[in-house]
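K.L.:
If you read the sequences in order, they're chains A and B.
The numbering used here numbers the first residue of the first sequence as 9 and each following residue consecutively.
The numbering used here numbers the first residue of the second sequence as 602 and each following residue consecutively.
Beta carbons: idealized from backbone N, C-alpha and C, even for Gly.
It should be emphasised that the depicted structure is a prediction, and the values quoted were computed from it without experimental measurement.
I'd like to ask some things about the structure below.
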Amino acid sequence: DSGVTQTPKHLITATGQRVTLRCSPRSGDLSVYWYQQSLDQGLQFLIQYYNGEERAKGNILERFSAQQFPDLHSELNLSSLELGDSALYFCASTRADRGNTIYFGEGSWLTVV
Amino acid sequence: SQQGEEDPQALSIQEGENATMNCSYKTSINNLQWYRQNSGRGLVHLILIRSNEREKHSGRLRVTLDTSKKSSSLLITASRAADTASYFCATDSIQGAQKLVFGQGTRLTINP
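Here you go:
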């Protein structure tokens, strides 16, 4: 158990819908990352937050957004869902901004039908 | 774009044998981390090696880093069936904020 908690574990939704994925980082970790893993694209970095502020952005679509709250949990919002958004979405956390081990949650399986 | 490239893409060996996986990357790094992923599960952190380190051990794992060749290797000794998984290297570039960039992984199968 990495200490990073993600909910829901599985989600099936229709195209055009919107979903929210939730992440609780390890206790004391200030930095949260979101990654997308799909068969054709592999593990893609989406976005990073550090202590509530956006720190780095990767291959995140405009239809996707994220935020980190004062209690340090984070949410990834996916809207206008398309079939191609079906993937495993990971949250990860680390204590500081860089240089430390990054711990991953078990992921949220999203299936868009 | 992928920073780390693992080699081979797939590896199948007998239980008890050693497994070696390689990773090459493109830019200068702060550190390199190896992860294991069982099918459909989360990424389990195995080991972190910093750019000023050349070798690191953790149990049956041995990781090397050659920054001049921009490459790393992961050796699993005395493999077990439970080692069957995909293994990823991930690099933290010295430029910009920390964000691990993953390769496509090596699928390791340990045959009993």
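#1: Check the C-beta distance from Trp42(A) over to Tyr97(A) and give it rounded, since I have them as a contact under 8 Å.
#2: Going along chain A, which residues have a C-beta under 8 Å from Asn632(B)?
#3: Are the stretch 75-91 of chain A and the stretch 23-37 of chain A touching by the rule of at least three beta carbon pairs closer than 8 Å?
#4: With DSSP run on the structure shown, which of helix, strand or coil describes Asp37(A)?
#5: Taking its Cβ as the centre, do 16 or more other Cβ atoms sit within 10 Å of Phe77(A), making it buried, or is it exposed?
#6: Taking the CB atoms as reference points, tell me whether Ser672(B) and Ile614(B) lie closer together than 8 Å.
#7: Give the interface partners of Arg642(B) over in chain A, defined as CB-CB distance under 8 Å, in chain order.
#8: Can you look up Asp91(A) in the DSSP assignment and give me helix, strand or coil?
#9: Per the contact definition of three or more C-beta pairs closer than 8 Å, is the stretch 647-655 of chain B in contact with the stretch 703-713 of chain B?
#10: Using a cut-off of 9 Å between C-beta atoms, extract the partners of Phe53(A) located in chain B.
#11: With a Cβ-Cβ cutoff of 8 Å, do Trp117(A) and Leu51(A) count as a contact?
#12: Find the nearest neighbour of Asp608(B) within the set Asn619(B), Glu618(B), Asn623(B) and Gly617(B), judged by alpha-carbon distance.
#13: Can you round the beta-carbon distance between Ser32(A) and Thr13(A) to whole angstroms, since I take them to be within the 8 Å contact cut?
#14: Can the beta-carbon of Ser82(A) be found closer than 8 Å to that of Ala95(A)?
#15: Any idea what DSSP makes of Asp79(A), helix, strand or coil?
#16: Please list, in chain order, the chain A residues whose beta carbon lies closer than 7 Å to that of Leu649(B).
#17: With C-beta atoms as the reference, is Thr685(B) less than 8 Å away from Asn619(B)?
#18: Along chain A, in chain order, which residues have C-beta atoms closer than 8 Å to that of His646(B)?
#19: Between the stretch 56-67 of chain A and chain B, which residues of the former have CB atoms less than 7 Å from a CB of the latter, in chain order?
#20: On a CA-only basis, which of Arg663(B), Ala683(B) and Ala682(B) is nearest Ser674(B)? Give me that one, please.
#21: Provide the residue(s) that pair with Gln56(A) in DSSP beta bridges, ordered along the chain.
#22: So, under 8 Å CB-CB, Gly113(A) and Gly643(B) are touching, yes? Tell me the CB distance rounded to an integer number of Å.
#23: Does the beta-carbon distance from Gln634(B) to Leu649(B) come in below 8 Å?
#24: Could you please give the first and the last residue of the uninterrupted beta strand (DSSP E) stretch that includes Ala679(B)?
P.N.:
Looking at the coordinates:
#1: That pair is a contact at about 7 Å.
#2: Under the 8 Å cutoff, chain A gives Gly107.
#3: Segments in contact, yes.
#4: Three-state DSSP puts Asp37(A) in coil, outside helix and strand.
#5: By the neighbour-count definition (other C-beta atoms within 10 Å, threshold 16), Phe77(A) is an exposed residue.
#6: No, the Cβ-Cβ distance between Ser672(B) and Ile614(B) is not below 8 Å.
#7: The contacting residues are Glu114 and Gly115.
#8: First, the amino acid is wrong: residue 91(A) is Leu here, not Asp. It is helical.
#9: The stretch 703-713 of chain B is not in contact with the stretch 647-655 of chain B.
#10: Contacts between Phe53(A) and chain B, judged by CB atoms closer than 9 Å, involve Lys700, Leu701, Val702 and Phe703 in chain order.
#11: For Trp117(A) and Leu51(A), no; Cβs fall outside 8 Å.
#12: Answer by Cα proximity: Asn623(B).
#13: Your pair Ser32(A) and Thr13(A) checks out as a contact, with CB atoms roughly 4 Å apart and the cut at 8 Å.
#14: The Cβ atoms of Ser82(A) and Ala95(A) do not sit closer than 8 Å to each other.
#15: Shown here, Asp79(A) sits in coil according to DSSP, grouped into three states, outside any helix or strand.
#16: Using a Cβ-Cβ cut-off of 7 Å, Leu649(B) is close to Thr109 of chain A, given in chain order.
#17: Taking 8 Å as the cut-off, the Cβ atoms of Thr685(B) and Asn619(B) do not count as close.
#18: Result: Ser10, Thr109, Ile110, Tyr111 and Phe112.
#19: Taking a C-beta cut-off of 7 Å against chain B, the contacting residues of the stretch 56-67 of chain A are Gln56, Arg63, Ala64 and Gly66, listed in chain order.
#20: The candidate whose alpha carbon is nearest that of Ser674(B) is Arg663(B).
#21: Answer is Tyr41(A) and Ala64(A), bridged to Gln56(A).
#22: Between Gly643(B) and Gly113(A) the Cβ distance is about 6 Å, and since that is below 8 Å, they are a contact.
#23: For Gln634(B) and Leu649(B), yes; Cβs fall inside 8 Å.
#24: Neither: Ala679(B) is in no beta strand (DSSP E) and is coded neither H nor E.
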